[in-house]
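Asks: In the working numbering, the protein residues as written are 79 to 588.
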Ligand SMILES: C[S@@+](CC[C@H](N)C(=O)[O-])C[C@H]1O[C@@H](n2cnc3c(N)ncnc32)[C@H](O)[C@@H]1O
C-alpha cells in the first residue's frame, strides 16, 4: 500500500541489491573519453552523488574501492537507507553518506557539497513529472561546471508495443486492498488469461506474449519496482535532453563506449542514412528507431569540453586495462549485446585478451605489443571489451594499493553475510575500482577456503547447509541425498579454486 511519503512509488517491497558497473568513476570517465570529451578525473578526490540509490550497494561498493572520493546517496525509503548504512558500518566505510531524503528534499538541502559526478540509475522513468523537476533542480544547484551526469531510463520507440501490457498489469494490480505480492500474481494471471483467449493485442504485437512469460519468471522485488509503480514513463531521447537542458546539461555520449562505435553496430545503409544528421543528440533519436532499444544509459555534462585528438590519444595511452572475466574457451565468435550481435573473433581479440590477462597494461604498452594495429583500433577493441565486461580500466597502482584495506573489509563483511543471505552477489576489486559478480554458494565456499589451515571447505559449507535444511539444485533438480550434495559441492569448490580464485587474485579481490 502506498504510504504518505512514497508518492505512489512501490514502497512495500524493497528493491534488489544491484551493482551497476557503469556507475563506477573509471567506467564513466572511459565513456566520456571514448566520445573524446573531458570528464572528472577519477583519480582525483571527487564528490559523487547517487540519486535514488535503492539498497545503496553500488554506492557502498564504490566507496570501498575509492576511499579518495566522497560518496553521497539518497533514497526516500528509510528501510533501504538503514540497510545501506548497516553495510557501510559493517565494512567500516567512512567516505559514504546515506540520506533518506526525497528528491524534493535533496533539491532544498543546504548542507551538501557541490558534486563532480551525479548518477541516477533506474529512476527517471519511474517518478512523477514533479519529482523529475526536483531532480533537475538538484542537478542545477549541485553539479559543478564540468561535472558529469549518468542517467538511465526506459526509452521509446522500443517500449511502444509493450506499453499496453504494462498498463494491463497495473490496472489489474490495482484491484482490492491486498498485499503487493498477491496483487502482482493476480495481475500476471489476468494478463495471461487474456493471452490465452487469443486477444489480438498479443497476436498483432509480436514479442508481447513472450515478454509476459518472461516477466512472470523475474524476482517479484524487481518486477514490483519495474512495472507496478503509479509513475512509469518511457522517454524519447530528445525529451530527456530537453528536460535536462534546464540544468544546463548537454548530452555527450552513451554510457557504454561501444554504443558509440557506429560502424560496428549499423549496416552501411543505416550509416548512410545517419550521415550528416546533426546534432549528435538527434542522431541518437534516429538510432533508437533503428535499434528499437528499450533502455538507454546516457552521459551528460555541464559545459562540455571536447578533447583534442592528441589529448584523447594521450589518455588512452596512459590508461591501464586488465581482463576482468575469464576468457571462454573457445572464445565466443559473436557476443550478443542489447544492440545486436557484435563479432569478436578469436583471431582479432584473443592475443589482446591474453595480454590483458597477464596484468594491468597501458594503451601505450598494447600499441607497442601490437605494432600492426593502429592505436584507434586498439582503443575500439578496448571499448568493446570493457563494454561487454571482459575488461576494465585499472585504478592507478598507488590508489589501488591505498584502497586495499577498505576493499578487504568490505569483502569480509559480504562473505560474513553469505551464510545467512545471498542478497549481495558482488565482491570489490580495488584494482579495477569496481566489482566482480560472485554468487552466495561461491561466497560461502570462498570464505571457508580463505580460512586456510587445512579447513575442509566443502565439509564446513555442507554442515552449515544441513543445519539449515538447505539442499543444492542440479539441472533444475533438488538433490536430496547427502552424498549427492557433497559431490555437487566438491565440483563447485574445484571450479572455484581452478577458475574463479585466480581471477579474484589477479584483481586483488582476495
Ligand atoms: C527502481 S529503484 C532503483 C534503485 C537503484 N538506483 C538501483 O538501480 O538499484 C528506484 C528507487 O528510487 C527510490 N525513489 C522513488 N521515488 C523517490 C523520491 N521521490 N525520492 C527519493 N527516492 C525515490 C525508490 O525508493 C527506489 O529505491
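Positions of the beta carbon are idealized from the N, C-alpha and C atoms, including for glycine.
#1: DSSP three-state label for residue 438, please.
#2: Using 8 Å as the threshold, is the C-beta distance between residue 563 and residue 549 below it?
#3: Is residue 576 helix, strand or coil when you go by DSSP?
#4: Pick from 251, 321, 174, 166: whose alpha carbon is nearest that of residue 151?
#5: Could you check if residue 240 is buried or exposed, using at least 16 other CB atoms within 10 Å of its CB as the buried criterion?
#6: Measure the alpha-carbon distance for residue 522 versus residue 495 and round it to whole angstroms.
#7: Taking all protein chains shown into account, decide if residue 244 is buried (16 or more other Cβ within 10 angstroms of its Cβ) or exposed.
#8: What do you get for residue 470, buried or exposed, if any count of 16 or more other CB atoms within 10 angstroms of its CB means buried?
#9: If you measure between the beta carbons of residue 203 and residue 311, is that distance less than 8 Å?
#10: Measuring only the C-alpha atoms, how far is residue 132 from residue 252?
#11: Taking only three categories from DSSP, how would you classify residue 152?
#12: Give every residue of the same chain whose Cβ lies closer than 8 Å to the Cβ of residue 208, excluding the five residues on either side of it in the sequence, and list them in chain order.
#13: What do you get for residue 351, buried or exposed, if any count of 16 or more other CB atoms within 10 angstroms of its CB means buried?
#14: Could you tell me if the beta carbon of residue 153 falls within a distance shorter than 7 Å of some heavy atom in ligand 1?
#15: Between the segment 393–404 and the segment 254–273, do three or more beta carbon pairs fall short of 8 Å?
#16: Does the segment 115–130 come within contact of the segment 189–198, defined as at least 3 CB pairs closer than 8 Å?
#17: Rounded to the nearest angstrom, how far is the Cβ of residue 214 from that of residue 106, given a contact under 8 Å?
#18: Please report the residue range of the alpha helix (DSSP H) in which residue 232 lies.
#19: Just verifying my parser: in three-state terms, what is the DSSP assignment at residue 313?
#20: Taking just the CA atoms, how far does residue 561 sit from residue 519?
#21: Relative to ligand 1, is the shortest distance from any of its heavy atoms to the C-beta of residue 209 smaller than 7 Å?
#22: Can you list, in chain order, the residues of its chain whose CB lies under 6 Å from that of residue 95, leaving out five sequence neighbours each side?
#23: Using the Cβ count rule (16 or more neighbours within 10 Å means buried), how would you classify residue 297?
#24: Looking at C-alpha atoms only, which residue of 374, 466, 451 is the closest neighbour of residue 314?
#25: Nearest-angstrom Cα distance between residue 459 and residue 467?
#26: Under a three-way DSSP split, which group does residue 270 fall into?
#27: Span of the beta strand (DSSP E) holding residue 328?
#28: Would you check if there are 3 or more beta carbon pairs closer than 8 Å linking the segment 216–223 to the segment 375–387?
#29: Would residue 442 and residue 396 be called neighbours here (beta carbons separated by less than 8 Å)?
#30: Along the chain, which unbroken stretches of the alpha helix (DSSP H) at least 4 residues long are found entirely within the segment 169–249?
#31: Could you give the first and the last residue of the continuous alpha helix (DSSP H) run that contains residue 349?
#32: Considering only heavy atoms of ligand 1, does any lie closer than 7 Å to the CB of residue 158?
#33: To the nearest angstrom, how far is the alpha carbon of residue 517 from that of residue 98?
#34: Please classify residue 508 as buried or exposed, where buried requires at least 16 neighbouring CB atoms within 10 angstroms.
#35: Mapping DSSP to helix, strand and coil, what is residue 366?
#36: How far does the beta strand (DSSP E) with residue 400 in it reach, from first residue to last?
Replies: Answer, in terms of the structure:
#1: coil
#2: yes
#3: helix
#4: 174
#5: buried
#6: One C-alpha to the other measures close to 9 Å.
#7: buried
#8: The residue is buried, with at least 16 neighbouring Cβ atoms inside 10 Å.
#9: yes
#10: 24 Å
#11: strand
#12: 182
#13: exposed
#14: yes
#15: With contact defined as three or more Cβ pairs closer than 8 Å, the segment 393–404 and the segment 254–273 are not in contact.
#16: Flag = yes, the segment 115–130 and the segment 189–198 touch.
#17: That pair is no contact at about 20 Å.
#18: Premise fails: residue 232 lies in the beta strand (DSSP E), 221–232, not in any alpha helix (DSSP H).
#19: strand
#20: 17 Å
#21: yes
#22: 133, 135, 501, 502
#23: exposed
#24: 374
#25: 12 Å
#26: helix
#27: 327–332
#28: yes
#29: A distance below 8 Å separates the beta carbons of residue 442 and residue 396.
#30: 181–186, 207–220
#31: 346–352
#32: yes
#33: 16 Å
#34: buried
#35: helix
#36: Per DSSP, residue 400 belongs to the beta strand (DSSP E) from 398–401.
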